[in-house]
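A short worksheet on the structure shown next.
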DNA sequence: AGCATGTTGACTTATACTGACCAATAATTT
DNA sequence: AAATTATTGGTCAGTATAAGTCAACATGCT
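In structure tokens form, the structure reads like this:
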């Protein structure tokens with residue numbers, strides 16, 4: 631069982647972050663690709679699969695002259711076990727009502743701010759509307775999609 | 631890591647603005663170009679790319695003798711104006727890149743927090759993935775859906 | 001075998017910077 | 001006053017550079 635290139639590059643970036651105090655690091659896609667003897671787009675794959683917002687990272691980049699890729703590791707030092715636990719509570723499907731109750735609870739316990747709750751509710755509502763009117767998704771399937779979205783959001787916040 | 635001329639000039643102007651109380655500053659294109667050893671049109675490039683309305687600035691200028699360039703940092707009196715402005719910027723369709731850029735901007739201007747940006751990015755990405763893999767939505771239609779989501783979120787935040 | 005994950009490269013898009021040419025305004029000359 | 005000249009900024013297209021996308025192909029894991 632060999633270690634994948636993706637894993638190696640992921641760890642390299644993790645180390646860079648650690649050395650840099652942990653919050654951000656800048657790099658050049660071309661340089662990284664050269665260092666690891668791979669094609670540049672491999673870096674995009676690593677970023678997409680390992681440094682996604684669901685994992686608590688934000689990636690900024692710029693093309694052209696003086697281009698760069700900047701990876702930000704958000705650190706909110708919130709009670710991540712708490713939120714992680716709640717993520718389990720969401721399960722594989724969740725109704726709008728249940729979701730809203732959960733969010734109210736989170737806000738009451740100051741795990742998310744009112745504005746954050748608002749954003750989450752608007753996103754959920756938007757997805758619900760799209761599912762119903764645009765794509766004719768069944769109610770149960772919408773509950774599944776809602777659970778997926780909610781879990782991504784909560785783990786993103788927990789890992790941040 | 632090399633820093634672009636554009637960045638240097640941008641920071642110089644930012645400093646001027648700060649010194650000047652923050653709302654406006656006047657300068658001469660030729661002088662600036664000389665100071666930074668570049669061609670005058672480079673200044674136009676900086677203004678177009680860094681001090682555009684989407685970054686919260688307006689630029690006035692006059693040619694000929696005693697010509698000048700005045701940079702105004704615009705501020706909104708009420709959130710309705712702000713929403714109007716942001717919604718115009720988003721427009722009826724927006725690419726992933728443009729959206730991300732806008733969010734970076736909003737965060738830099740302290741209009742949203744890093745956590746809020748993270749949540750928004752997760753939501754956008756979730757919608758993008760669903761649109762592509764689940765519902766086979768065309769790229770342009772996804773840009774429209776992204777703009778819709780973004781406008782709902784920004785409007786909600788401004789009114790909330 | 002089949003599905004998920006990883007890897008590649010051709011093609012596309014975005015940004016930085018320059019220089020030649022254009023446009024507007026003020027100052028000076030006739 | 002009109003014409004001319006000097007002074008200033010604007011535009012655009014070309015060149016160089018760097019990142020993003022996408023889909024085909026490969027590998028690995030049940």
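Chains as they are written, first to last, in my numbering: chain A, 631 to 790; chain B, 631 to 790.
Every residue gets a Cβ at the ideal spot worked out from N, C-alpha and C, and that includes glycine.
{"Item": "7 angstroms Cβ cutoff met for residue 712 (chain A) and residue 700 (chain A)", "Value": "no"}
{"Item": "Contact check, residue 725 (chain B) vs residue 773 (chain B), beta carbons under 7 angstroms", "Value": "yes"}
{"Item": "Whole-number beta carbon distance between residue 655 (chain B) and residue 663 (chain B), since they are thought to touch under 8 angstroms", "Value": "Their Cβ separation, rounded to whole angstroms, is 16 angstroms, which puts residue 663 (chain B) and residue 655 (chain B) out of contact at 8 angstroms."}
{"Item": "Residues sharing a beta bridge with residue 610 (chain A), DSSP", "Value": "Residue 610 (chain A) lies beyond the residue range present for chain A, which begins at 631 and ends at 790; the question has no answer from this structure."}
{"Item": "Chain A contact for residue 576 (chain B) (CB, 7 angstroms cutoff)", "Value": "Because chain B spans 631 through 790 in this model, residue 576 (chain B) falls outside it and cannot be assessed."}
{"Item": "Proximal chain B residues relative to residue 782 (chain A), where beta-carbon distance stays under 9 angstroms", "Value": "752, 753, 755 and 756"}
{"Item": "Residue from A:695, A:682 and A:703 with nearest C-alpha to residue 649 (chain A)", "Value": "A:703"}
{"Item": "Chain-ordered residues of the segment 673-697 of chain A with a beta carbon less than 8 angstroms from chain B", "Value": "682, 683, 684, 686, 688, 690, 695 and 696"}
{"Item": "Sequence-distant residues of the same chain with beta carbon closer than 7 angstroms to residue 753 (chain A), five excluded per side", "Value": "779"}
{"Item": "Extent of the continuous alpha helix (DSSP H) to which residue 788 (chain B) belongs", "Value": "769-789"}
{"Item": "Span separating the alpha-carbon of residue 720 (chain A) from that of residue 758 (chain A)", "Value": "17 angstroms"}
{"Item": "Span of the beta strand (DSSP E), counted from its first residue to its last, around residue 657 (chain B)", "Value": "654-657"}
{"Item": "7 angstroms Cβ cutoff, residue 734 (chain B) in contact with chain A", "Value": "yes"}
{"Item": "Alpha-carbon to alpha-carbon, residue 681 (chain A) and residue 776 (chain A)", "Value": "23 angstroms"}
{"Item": "Exposure label - residue 789 (chain B); buried when at least 16 CB within 10 Å", "Value": "exposed"}
{"Item": "Rounded straight-line distance, which links the Cα of residue 683 (chain A) to that of residue 729 (chain B)", "Value": "15 angstroms"}
{"Item": "Inter-residue Cα distance where the pair is residue 692 (chain B) and residue 661 (chain B)", "Value": "15 angstroms"}
{"Item": "Chain A within 7 angstroms of residue 706 (chain B), Cβ atoms only", "Value": "no"}
{"Item": "contact_flag[the segment 735-755 of chain A, the segment 735-749 of chain B] where n(CB pairs < 8 angstroms) is 3 or more", "Value": "yes"}
{"Item": "Minimum Cβ-Cβ distance from residue 769 (chain B) to chain A less than 7 angstroms", "Value": "no"}
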